[in-house]
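Trainee: One structure is given below, represented as structure tokens, and several questions about it will come after.
Number of protein chains: 2
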Amino acid sequence: MHYGFPMNKPTATPRYQLRGRIWIEGPEGTFVGYGRVILLERIREHGSITAAAKSMDMSYRHAWKLVDSMNRQSRTPVVSKSTGGRGGGGTQLTPAGEQVIAAFWAAYEDFQGYLDAQSNKLDL
Amino acid sequence: MHYGFPMNKPTATPRYQLRGRIWIEGPEGTFVGYGRVILLERIREHGSITAAAKSMDMSYRHAWKLVDSMNRQSRTPVVSKSTGGRGGGGTQLTPAGEQVIAAFWAAYEDFQGYLDAQSNKLDL
DNA sequence: AACCGTAATGCATGAGGGAATATAACGCAA
DNA sequence: TTGCGTTATATTCCCTCATGCATTACGGTT
Chain A
1 MHYGFPMNKP TATPRYQLRG RIWIEGPEGT FVGYGRVILL ERIREHGSIT AAAKSMDMSY
61 RHAWKLVDSM NRQSRTPVVS KSTGGRGGGG TQLTPAGEQV IAAFWAAYED FQGYLDAQSN
121 KLDL
Chain B
125 MHYGFPMNKP TATPRYQLRG RIWIEGPEGT FVGYGRVILL ERIREHGSIT AAAKSMDMSY
185 RHAWKLVDSM NRQSRTPVVS KSTGGRGGGG TQLTPAGEQV IAAFWAAYED FQGYLDAQSN
245 KLDL
């Protein structure tokens, strides 16, 4: 090492790390968080609450409650549901739903960067 | 209103708000978060885990577990405990404990500012 | 008209975590 | 030596929340 410059700290694995969670709060409490946004994506992928819930090991009842909560708090519903008919019905993501997903991921990604940056400022 | 300039949005109470929590992660999981740092401050104030727990409506058992978890994960203990003797003993905050409190609040305050700023960027 | 798979909803069950309770160990003071 | 209040720890209770199960409504298909 030249000139005797100070070495970087050997922070192989830092002992402490800043962690956190964020969510978007609505009129009734949580509007959308990590789990709910995943659920929306699964609904988009599978076309029904039933299949979406099953794909992520969540009970239908719970999934339905989450979707209902989001729909009630959104200016315009995040999904449109139809019952009966071919295939028994199903649930489709609305443009508003897509927008919610995008907004959450944008905030989420930014937040991850924030956590990384702040972790390094921890003096412990 | 002059010149027909566009008005500010009437965001009396914004429909959506970004919320979140942060904590400092250690070798065994959570090292310190909001509740734990309050507990440390109460210990500093009251001089015992018993009184600190009581002051914040927490069971002694739970408080003890939290303190134990922090002590185990800290390079040097955040509190020093003594049993028996005048008054039955007690628990005092160490300089390391003070440092942990300061580090958490610093991160916490910064995070509150971050949430405020990001809330305004939510386009929903 | 009968069938099918989904949404919608109520009720009972189960798991996890904190609270409440009960003891024991400790060490200074009286 | 006895008393006291705290730390330390196990056991039991309780509350919350998600799951599981049952049932009904729905509306295209056949």
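Heads up: the sequence lines are chains A and B, in that order.
Going left to right, the first sequence walks through residues 1 to 124 as our numbering numbers them.
Going left to right, the second sequence walks through residues 125 to 248 as our numbering numbers them.
Built from N, CA and C at the ideal position, the CB exists for glycine as well.
Can you pull the DSSP bridge partners for residue 19 of chain A?
Mentor: Per DSSP, B:147.
Trainee: Give the straight-line distance between the Cα atoms of residue 148 of chain B and residue 238 of chain B, rounded to the nearest whole angstrom.
Mentor: So the alpha carbons of these two residues sit roughly 17 Å apart.
Trainee: Find the nearest neighbour of residue 70 of chain A within the set A:53, A:40 and A:44, judged by alpha-carbon distance.
Mentor: A:40
Trainee: Counting only runs of 3+ residues fully inside the region 17 to 79 of chain A, write out the beta strand (DSSP E) ranges in chain order.
Mentor: 17 to 26 and 29 to 32
Trainee: Would you call the region 41 to 52 of chain A in contact with the region 148 to 161 of chain B, where contact means no fewer than 3 C-beta pairs closer than 8 Å?
Mentor: no
Trainee: Out of curiosity, what's the CA-to-CA distance linking residue 224 of chain B and residue 112 of chain A?
Mentor: 23 Å
Trainee: Who are the near neighbours of residue 46 of chain A in its chain, counting only those whose CB is closer than 7 Å to its CB and skipping five residues on each side?
Mentor: 52 and 55
Trainee: Report yes or no: do the region 86 to 106 of chain A and the region 192 to 209 of chain B share at least 3 C-beta pairs separated by less than 8 Å?
Mentor: Segments in contact, no.
Trainee: Just verifying my parser: in three-state terms, what is the DSSP assignment at residue 115 of chain A?
Mentor: In the three-state reduction of the DSSP assignment, residue 115 of chain A falls in the helix class.
Trainee: Have a look at residue 28 of chain A and residue 222 of chain B and give me their C-alpha separation to the nearest angstrom.
Mentor: Taken atom to atom, the span from the alpha-carbon of residue 28 of chain A to that of residue 222 of chain B is near 38 Å.
Trainee: Looking at the structure shown, is residue 88 of chain A part of a helix, part of a strand, or coil, going by DSSP?
Mentor: helix
Trainee: Could you tell me whether the Cβ atoms of residue 145 of chain B and residue 42 of chain A are closer together than 7 Å?
Mentor: no
Trainee: Return the CA-CA distance between residue 59 of chain A and residue 79 of chain A, expressed in angstroms with no decimal places.
Mentor: 18 Å
Trainee: In the DSSP assignment, what are the bridge partners of residue 251 of chain B?
Mentor: Here chain B has residues from 125 to 248 only, and residue 251 of chain B is not among them.
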